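Here the structure is laid out as structure tokens; the discussion comes afterwards.
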Amino acid sequence: MKLLSVFGTRPEAIKMCPVIKELEKQTEIESIVCLTGQHEEMLNQVIERFKIKVNYNLRIMKKNQSLTDITCNVLMQLGQVLENEKPDMVLVHGDTSTSFAAALSAFYHHIPVGHVEAGLRTYNVQSPYPEEFNRQCVDMITDLFFAPTEYAKEQLLNEHKKQSQIFVTGNTAIDALNITVETSYYNTNIEWCENHKMILLTAHRRENIGVPMERIFEAVNKILDKYSDVRVIYPVHKNPKVRQIAQKYFGNNSKVRLIEPLDVYDFHNLMNKSYFILTDSGGIQEEAPSLGKPVLVLRDSTERQEGVMAGTLKVVGTRTEQVYCEIERLLTDKEEYSRMSHATNPYGDGYASKRIVEIIKEYLKGK
Numbered sequence: 001m002k003l004l005s006v007f008g009t010r011p012e013a014i015k016m017c018p019v020i021k022e023l024e025k026q027t028e029i030e031s032i033v034c035l036t037g038q039h040e041e042m043l044n045q046v047i048e049r050f051k052i053k054v055n056y057n058l059r060i061m062k063k064n065q066s067l068t069d070i071t072c073n074v075l076m077q078l079g080q081v082l083e084n085e086k087p088d089m090v091l092v093h094g095d096t097s098t099s100f101a102a103a104l105s106a107f108y109h110h111i112p113v114g115h116v117e118a119g120l121r122t123y124n125v126q127s128p129y130p131e132e133f134n135r136q137c138v139d140m141i142t143d144l145f146f147a148p149t150e151y152a153k154e155q156l157l158n159e160h161k162k163q164s165q166i167f168v169t170g171n172t173a174i175d176a177l178n179i180t181v182e183t184s185y186y187n188t189n190i191e192w193c194e195n196h197k198m199i200l201l202t203a204h205r206r207e208n209i210g211v212p213m214e215r216i217f218e219a220v221n222k223i224l225d226k227y228s229d230v231r232v233i234y235p236v237h238k239n240p241k242v243r244q245i246a247q248k249y250f251g252n253n254s255k256v257r258l259i260e261p262l263d264v265y266d267f268h269n270l271m272n273k274s275y276f277i278l279t280d281s282g283g284i285q286e287e288a289p290s291l292g293k294p295v296l297v298l299r300d301s302t303e304r305q306e307g308v309m310a311g312t313l314k315v316v317g318t319r320t321e322q323v324y325c326e327i328e329r330l331l332t333d334k335e336e337y338s339r340m341s342h343a344t345n346p347y348g349d350g351y352a353s354k355r356i357v358e359i360i361k362e363y364l365k366g367k
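FYI, the UniProt record's numbering numbers position 14 of the sequence shown as 14, with every residue one higher than the one before it.
Dropping the structure here:
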């Protein structure tokens with residue numbers, strides 16, 4: 001049995017590497033790994049940390065690449081990999097343009113698709129963009145749906161996907177945390193925040209670039225002007241537009257530390273040391289609850305409704321006053337902070353990868 005795992009971004013790698021490590025233990029499965037290189041530098045950090053053997057790297061990344069560039073280049077180059085390897089299944093993750101193009105290529109070659117983290121939905125194809133479109137399209141051609149939660153499974157059933165093909169596994173992000181987080185972790189960023197409440201900020205999503213991001217950063221600066229016991233650490237995305245806005249709003253603020261993107265080990269441990277998290281990311285919404293960290297989601301909607309329902313996440317949008325008020329509430333309202341930090345984690349027990357691999361083995365044996 002031969003399985004080809006395809007991914008190309010840092011968030012995908014964080015969630016796929018635990019699955020690949022589990023696949024490497026299997027004597028009856030030949031595990032082939034193909035990187036697209038959609039995010040080259042940040043992707044490589046994760047690969048090195050998890051010590052993953054890479055068989056193919058398409059290296060599609062180029063300066064100012066468009067969604068069309070990514071999709072077309074993956075389709076063109078992955079097709080040759082599929083012809084060479086003839087895998088029994090292609091495994092993709094989540095909602096990136098890499099996942100969409102890889103699943104489509106597998107479909108064109110009549111190869112079954114396994115979708116890790118299937119069933120997440122906002123049902124607004126413009127938010128998040130283009131991720132909502134990508135994941136719905138992937139699930140149109142998926143053969144095995146690895147839903148992280150019962151809620152995700154319900155979305156798939158509502159779309160008339162076959163129940164026999166849907167498996168609730170938990171989220172592989174929790175598996176990764178079990179590998180990376182260390183209670184004794186310490187570095188200079190944590191030292192800089194000693195005796196302060198450390199807020200970890202991430203903001204990079206396409207639909208937030210521009211006015212929404214500027215409003216978010218304005219709210220953060222207003223908080224820092226008012227509260228002397230707060231500091232912010234912001235690993236800034238490589239996107240030049242994001243960096244320009246970050247520098248404009250935080251470049252002269254001594255209470256904000258702008259740092260380079262972190263590898264998965266450092267980032268997970270920084271999350272664990274934070275007071276709470278401001279983010280427009282998807283994966284962090286799943287990881288932070290496992291660490292007991294409240295998350296304010298800097299978006300108008302989220303496909304991670306389980307976290308909202310459990311109380312670990314709060315969607316606060318991007319308007320300055322709303323973001324400011326919600327940050328202030330977590331800083332000053334001890335009951336609200338305690339409620340969010342002690343809410344039940346809805347995303348699994350750290351054994352999602354084992355379940356996924358066992359399901360794939362049974363499926364391929366049946367084939």
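Every residue, glycine too, gets a C-beta built ideally from N, C-alpha and C. Only a predicted model underlies this, so the values are computations on that prediction, with no experimental measurement involved.
{"query": "Status (buried if at least 16 other CB within 10 Å, exposed otherwise) for S5", "result": "buried"}
{"query": "Selection from Q45, S31 and S290 that minimises the alpha carbon distance to E260", "result": "Q45"}
{"query": "contact_flag[the segment 295-309, the segment 175-188] where n(CB pairs < 8 Å) is 3 or more", "result": "no"}
{"query": "Beta-ladder partner(s) of V297, from DSSP", "result": "T279 and V315"}
{"query": "Assigned exposure category for D95 - 16 Cβ within 10 Å defines buried", "result": "buried"}
{"query": "Sub-8 Å separation of I14 and Q38 beta-carbons", "result": "no"}
{"query": "Short Cβ contact (8 Å threshold) for L258 with F250", "result": "yes"}
{"query": "Close Cβ partners of S127 (< 8 Å) along its chain, the five nearest in sequence each way excluded", "result": "E207, R299, D300 and S301"}
{"query": "Which of helix, strand or coil DSSP assigns to V54", "result": "coil"}
{"query": "Separation of I179 from V232, as counted between CA atoms", "result": "26 Å"}
{"query": "I209 to N239 span [Cα, whole Å]", "result": "10 Å"}
{"query": "Length of the line joining the Cα atoms of residue 437 and R121", "result": "Missing from the structure shown is residue 437; the chain here goes from 1 to 367 and no further."}
{"query": "Residue(s) in a DSSP beta bridge with R231", "result": "M198"}
{"query": "Inter-residue Cα distance where the pair is Q244 and E358", "result": "46 Å"}
{"query": "Contact belief for Y275 with K226 at Cβ below 8 Å, rounded distance in angstroms", "result": "That pair is no contact at about 16 Å."}
{"query": "Residues that C34 bridges to, as DSSP identifies them", "result": "V6 and Y56"}
{"query": "Of the residues D139, N134 and K222, the one placed nearest Y324, counting alpha carbons only", "result": "K222"}
{"query": "Selected residue, minimal CA-CA separation from D263, among A106, T27, V256 and K51", "result": "K51"}
{"query": "Contact the segment 103-115 vs the segment 83-95: 3+ CB pairs below 8 Å", "result": "yes"}
{"query": "Outcome for R304 when other beta-carbon atoms lying within 10 angstroms are tallied against a minimum of 16", "result": "buried"}
{"query": "DSSP three-state assignment for L262, whether helix, strand or coil", "result": "coil"}
{"query": "Assumed close pair M271, E287 - CB separation to whole angstroms, cut-off 8 Å", "result": "6 Å"}
{"query": "Beta-carbon proximity check, A343 vs G311, cutoff 8 Å", "result": "yes"}
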